[in-house]
Amino acid sequence: MSKVIVVTSGKGGVGKTTTSASFSSGLALRGNKTVVIDFDVGLRNLDLIMGCERRVVYDIINVINGEVTLKQALIKDKNCDNLYILPASQTRDKDALNLEGVERILNELKESFDCIVCDSPAGIESGAFTAMYFADEALVVTNPEVSSVRDSDRILGILAAKSKRAVDGLDPVKEHLLITRYDPKRVEAGEMLSVTDIQEILRIPLIGVIPESESVLQASNAGTPAIHLDKSDVAEAYRDVVGRFMGDERLPMRFVTVEKKSFLKRLLGGR
Amino acid sequence: MTIETDNSNVLDPNTQRQNPVSQVLPTFRPTMIINKPVRTGQRIYAEGSNLVVLGVVNAGAELIADGDIHIYAPLRGRAIAGAQGNENARIFVHSLEAELISVAGCFKVFENGIPENLRGKPVQVHLDGSDLIIQPLLS
Ligand SMILES: Nc1ncnc2c1ncn2[C@@H]1O[C@H](COP(=O)(O)OP(=O)(O)O)[C@@H](O)[C@H]1O
Ligand SMILES: [Mg+2]
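Which chain is which? The protein sequence lines are A and B, in order. Letter 96 of the first sequence, counting from 1, is numbered 104 in this note's numbering, and no numbers are missing. Letter 29 of the second sequence, counting from 1, is numbered 21 in this note's numbering, and no numbers are missing.
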């Protein structure tokens, strides 16, 4: 059975697209036939982070309007065999992304893919709603700050009340909390919320904590999802997330406490 | 399209609005019970009845009841009891962290935070004349 997974948050700039790119890559690396869809019409940038922007010819709106087939619009990822990208449109009107059209596309994708990852735009308006409406599971991306937690809470309320699963009276959307841009030092200094604080408010299961790291910016400039980086905390953290998503519950939660630098590391000036 | 988060589907279908003039009100309506979190932007209205909430009520969420409200979890949002003017309505909270509480239109906001002796404590709220009284629940 294929799964539709939405990466959502309410707030912008928290790491949804970064997460969609790495999470879908990680699923593909573990052998799942995966497609990642950019729902951020007008602000297309998943293709940049995936490093395929020069290969975009058609987009999701072309498919919805019946101008091209799904096969013509899908772009094969350069790093993973099992991964395809369905880009957003940069030029079209957001309202072209209607529920009926999206449902048709998702149903067609379900015939050949195990995992369908939907990268949601920010906000709670139509674009974000369309991205989450058909979800079976949700990664709720949250930064350790009050406004982000508040927006995630709102999104969880909408998922519980207005998603197709809620409307049809099916089992609820399975919710996962993903905390990103986590900086244990600033948490210890009392400048940011802790993992425990966030869980206390949102009360959904934690699927992972992604540390704040400069390597994310380097990866996105290079057009390579962060999960492919060598010797990077962020890559390890995203791999853990994929592992937990696939059912490995024994993985310890890493990158949540301040790492004590060893004497040698300090001497060598490593970070 | 915009999304309303009034969350009408959480409301009990039995509590549709009725015309109070032409109809004899039943002696009581069954308590509305909510057993999941009430989140930012959601509003629950127990019309003509009491309201029991078992999940957390987060900041930016709103509970309204014509009768009493019982919350067996932290209250971080708003709770409005006796919404149609019942001055005997009460609010019972497992952990008081609220933004606003109100009984029969008499309300209190906590602009400067909740007093230390009540914050995070189990409390009950009732009206004494026009004073809103918040008392710790003794255990
Ligand atoms: N773990 C991280 N550490 C540091 N910067 C990050 C991290 N995750 C995301 N970012 C940065 O945050 C910004 C917003 O990320 P993005 O994934 O585009 O968010 P969204 O899709 O939610 O708007 C980008 O500049 C990205 O490089
Ligand atoms: Mg984005």
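We treat Cβ as the ideally placed atom computed from N, Cα and C, and that holds for glycine. Computed from a predicted structure; not experimentally measured.
Less than 6 Å separating the Cβ of residue i from some heavy atom of ligand 2?
i        : result
LYS24(A) : yes
ASP48(A) : yes
Can you tell me which of the three DSSP states residue i falls into?
i         : result
GLU54(B)  : strand
VAL181(A) : coil
THR138(A) : helix
ASN1(B)   : The predicted model places ASN1(B) with a pLDDT of 39, which falls under 50 and marks its position as unreliable; any figure quoted below should be read in that light. Reduced to three states, the DSSP call for ASN1(B) is helix.
LYS100(B) : strand
PRO29(B)  : coil
ARG62(A)  : helix
LEU1(A)   : Because chain A here runs from 9 to 279, residue 1(A) falls outside it and cannot be looked at.
ILE113(A) : helix
THR16(A)  : strand
LYS11(A)  : strand
ASP132(A) : It should be pointed out that residue 132(A) corresponds to Ile in this sequence rather than to Asp. DSSP places ILE132(A) in coil when its eight states are reduced to three.
ALA197(A) : coil
VAL264(A) : coil
VAL44(B)  : strand
ARG247(A) : helix
GLU89(B)  : coil
GLY23(A)  : coil
Give a single yes or no on whether residue i has its beta carbon closer than 6 Å to a heavy atom of ligand 1.
i         : result
LEU54(A)  : no
LEU225(A) : yes
ALA221(A) : According to the sequence shown, residue 221(A) is Ser rather than Ala. Yes, since a heavy atom of ligand 1 falls inside the 6 Å radius drawn around the Cβ of SER221(A).
ARG162(A) : no
THR188(A) : yes
GLY21(A)  : yes
SER240(A) : no
SER33(A)  : no
LEU218(A) : This sequence places Ile at residue 218(A); Leu is not what is there. For ligand 1, at least one heavy atom lies less than 6 Å from the Cβ of ILE218(A).
SER228(A) : yes
Bridge partners of residue i, per DSSP?
i         : result
ILE83(A)  : ILE93(A)
ASP46(A)  : ASP127(A)
ILE206(A) : DSSP lists no partner for ILE206(A).
PHE84(B)  : HIS62(B) and GLN116(B)
SER94(B)  : ILE72(B) and PHE99(B)
PRO4(A)   : Any answer about residue 4(A) is impossible in this case: the structure gives chain A only from 9 up to 279.
VAL49(B)  : VAL30(B) and LEU67(B)
VAL76(A)  : DSSP output for VAL76(A) lists no bridge partner at all.
LEU54(A)  : Answer by DSSP bridge pairing: none, since LEU54(A) is not bridged.
TYR127(B) : In the sequence as displayed, the identity of residue 127(B) is Gln instead of Tyr. Paired residue(s): GLN116(B).
MET24(B)  : LEU43(B)
ILE36(B)  : LEU55(B)
Next item on the list: Kindly provide the ranges of any alpha helix (DSSP H) runs that are 4 or more residues long and lie completely inside the stretch 143 to 187 of chain A, ordered along the chain.
Entry: 154 to 170 and 172 to 175
Note to self: Which residues of the stretch 89 to 119 of chain B have a Cβ closer than 8 Å to any Cβ of chain A? Give them in chain order.
What the structure shows: none
Next item on the list: Quick one: which residues of the stretch 18 to 42 of chain B get their C-beta closer than 9 Å to a C-beta of chain A? List them in chain order.
Entry: LYS28, PRO29, VAL30, ARG31, THR32, GLY33 and GLN34
Next item on the list: Closer than 7 Å, Cβ to Cβ, to anything on chain A: give me those residues from the stretch 60 to 80 of chain B, in chain order.
Entry: none
Check: Going along the chain, which residues of the stretch 178 to 207 of chain A sit with their C-beta nearer than 7 Å to a C-beta in chain B?
Finding: none
Notebook entry, point to check: Between the stretch 47 to 59 of chain B and chain A, which residues of the former have CB atoms less than 9 Å from a CB of the latter, in chain order?
Noted result: GLY47, VAL48, ASN50, ALA51, GLY52 and ALA53
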